[in-house]
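Colleague: Below is the structure I would like to discuss, written out as structure tokens.
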């Protein structure tokens, strides 16, 4: 199973199927690895536009951003509890 993270400049739309065929992506074996990379991409001046998995997973940039915010909130709460 694999997960692909497509990225591009801020403000770019989610790529259509025919556009993805020509785009570069980074592939991961787990969703957690893919989301970690998406967070790195978002912090580097680009935007994670799409996370797509062989299992049917599909997260567009708004969903990716929301999931990354939720992840950071959980990490912050865990750090305060420790």
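In my numbering, the protein residues as written are 110 to 191.
The beta carbon of each residue, even a glycine, is placed where N, CA and C say it ideally should be.
No experiment lies behind these values; they were computed from the predicted model shown.
I need the straight-line Cα distance from residue 131 to residue 124, nearest angstrom please.
Modeller: Here residue 131 corresponds to residue number 22 of the chain shown, with the count starting at 1. Here residue 124 corresponds to residue number 15 of the chain shown, with the count starting at 1. One C-alpha to the other measures close to 10 Å.
Colleague: Starting from the N-terminal side, write out each stretch of the alpha helix (DSSP H) that is 4 residues or longer and does not extend beyond the segment 110-151.
Modeller: Entirely contained in the segment 110-151, the alpha helix (DSSP H) runs reaching 4 residues are, in chain order, 126-129, 140-151.
Colleague: Among 171, 177, 186, 144, which residue has its Cα nearest to the Cα of residue 120?
Modeller: Start at 1 with the first residue of the chain shown, and residue 120 comes out as number 11. Checking every option, the nearest Cα to that of residue 120 belongs to 171.
Colleague: When you compare only the Cα positions, how much space is there between residue 169 and residue 129?
Modeller: For the purposes of this step, residue 169 is taken as the residue at position 60 of the chain shown. For the purposes of this step, residue 129 is taken as the residue at position 20 of the chain shown. Whole-angstrom Cα-Cα distance: 13 Å.
Colleague: Mind checking residue 139: buried by the 16 CB within 10 Å criterion, or exposed?
Modeller: Indexing the chain shown from 1 puts residue 139 at position 30. So residue 139 ends up on the exposed side.
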